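Q:
In this note's numbering, the protein residues as written are 21 to 275.
Laid out in structure tokens, this is it:
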């Protein structure tokens, strides 16, 4: 909460249990608007009352239904397991209408890195278990992202690349990006492994590779494992869909 200054006005987008709003109050914020459509906001109100946080106004509504004055700072923790799945892109883009021209946003940006990978963690889902062949699940499973804790069971087959930098001061209507990776070791490419860095400020970051309790890395599975060798080129296309709440992807072995 380093960005929140004494006497600031703050908008907490997707307040949930209110923890960020309470932190802002402890930092000396003058007024906090805590917004959430979920019923959990009533619990946040109870906690605020219990702790004498009298400068927080709780609003149960969608952002496009509220009317508040412009604020000095917007904060949000709507970062899902695959970054986008809690709707942070559209919600924060809309929330910016409430931000003063010199206002601050937390987080500031999120950098998303990808690498082609061979992961035994993901293969588990459709291997034969207890004498039962679960391979029909394969196609369905390969259309969804999955959280993963990167261990020695997952091996990057290329150098990781920054695929997208999500800047909260200039959010896109949709993400669409293409990247080509050069394979650095022989293996079987069965997924693209992604991790991300959350920039709360220029100097305070959270990395999903660091085994923190809140966020893991995630994978984009491929429909059929590709046998690749050092020097091969693999193209990845990735984009957001369903109101920027899920990833879609395609891939191609170029050589």
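A virtual CB, placed ideally from N, CA and C, is assigned to each residue, including glycine. Since the structure is predicted, the reported quantities are computational estimates derived from the model, not experimental observations.
What residues in its chain sit with their C-beta under 6 Å from that of residue 257, if we drop five residues either side in the sequence?
A: Taken in chain order, the residues that qualify are 198, 270.
Q: What residue range is occupied by the uninterrupted alpha helix (DSSP H) comprising residue 66?
A: Taken as a continuous stretch (DSSP letters only), the alpha helix (DSSP H) holding residue 66 covers 60-70.
Q: In whole angstroms, what separates the C-alpha of residue 95 from that of residue 57?
A: Their Cα atoms are separated by approximately 16 Å.
Q: Looking at the strands, I want to know which residues DSSP matches up with residue 167.
A: BP columns for residue 167 point to 238.
Q: Please work out which residues of its chain come closer than 7 Å, Cβ to Cβ, to residue 138, disregarding the five sequence neighbours upstream and downstream, and give them in chain order.
A: Taken in chain order, the residues that qualify are 175, 177, 207, 208, 209, 210.
Q: Suppose contacts are defined by Cβ-Cβ distances below 8 Å. Is residue 52 in contact with residue 41 by that definition?
A: Against a cut-off of 8 Å, the Cβ pair of residue 41 and residue 52 comes out as a contact.
Q: From the DSSP secondary-structure annotation, give me the bridge partner or partners of residue 136.
A: Paired residue(s): 212.
Q: Is the segment 220-235 in contact with the segment 176-196, if contact means three or more CB pairs nearer than 8 Å?
A: As far as the Cβ criterion goes, the segment 220-235 does not touch the segment 176-196, which means the pair count is below three.
Q: To which residues of the same chain is residue 168 closer than 8 Å at the C-beta, ignoring the five residues directly before and after it?
A: So the qualifying residues of the chain are 139, 141, 142, 174, 213, 236, 237, 238, 239.
Q: Look up residue 160 in the DSSP assignment and say whether it is helix, strand or coil.
A: Residue 160 falls in the helix class under three-state DSSP.
Q: Please classify residue 182 as buried or exposed, where buried requires at least 16 other C-beta atoms within 10 Å of its C-beta.
A: It counts as exposed.
Q: Count the other C-beta atoms from every protein chain shown that fall within 10 angstroms of the C-beta of residue 166, then say buried if there are 16 or more, exposed otherwise.
A: Classification for residue 166: buried.
Q: By the three-class DSSP mapping on this structure, what secondary structure does residue 106 have?
A: Residue 106: coil per DSSP, three-state reduction.
Q: Locate the beta strand (DSSP E) running through residue 227, then write down its first and last residues.
A: Looking at the DSSP string, the run of the beta strand (DSSP E) that includes residue 227 is 225-227.
Q: Could you give the C-beta distance for residue 203 and residue 99, rounded to a whole number, given that I count them as a contact under 8 Å?
A: Contact doesn't hold; Cβ gap of about 30 Å is too wide.
Q: Would you identify the three-state DSSP class for residue 42, choosing helix, strand or coil?
A: In this structure, residue 42 counts as helix in the three-state DSSP scheme.
Q: Find the nearest neighbour of residue 27 within the set 61, 35, 46, judged by alpha-carbon distance.
A: The candidate whose alpha carbon is nearest that of residue 27 is 46.
Q: Can you give me the C-alpha to C-alpha distance between residue 78 and residue 115, rounded to a whole angstrom?
A: Distance between the alpha carbons of residue 78 and residue 115: 16 Å.
Q: Measure the C-alpha to C-alpha separation of residue 48 and residue 160 and round it to an integer number of angstroms.
A: So the alpha carbons of these two residues sit roughly 49 Å apart.
Q: Compare the beta carbon distance of residue 281 and residue 153 with 8 Å and say whether it is the shorter of the two.
A: Outside the displayed range of the chain (21 to 275) lies residue 281, so it cannot be described from this structure.
Q: Determine, using beta carbons only, whether residue 33 and residue 93 come nearer to each other than 8 Å.
A: For residue 33 and residue 93, no; Cβs fall outside 8 Å.
Q: CA-CA distance, residue 54 and residue 263?
A: Roughly 23 Å between the two C-alpha positions.
Q: Could you round the C-beta distance between residue 260 and residue 194 to whole angstroms and report it? I think they count as a contact, below 8 Å.
A: Correct: roughly 6 Å between the Cβ atoms.
Q: For residue 217, which residues does DSSP report across the bridge?
A: In DSSP, residue 217 forms a bridge with 131, 227.
Q: I think residue 255 touches residue 244, with their Cβ atoms under 8 Å apart; what is that distance to the nearest whole Å?
A: Their Cβ separation, rounded to whole angstroms, is 16 Å, which puts residue 255 and residue 244 out of contact at 8 Å.
Q: Using a Cβ-Cβ cutoff of less than 7 Å, which residues in the same chain neighbour residue 250 once the five nearest sequence positions on both sides are dropped?
A: Counting only Cβ-Cβ distances below 7 Å, and skipping sequence neighbours, we find 203, 204, 205, 206.
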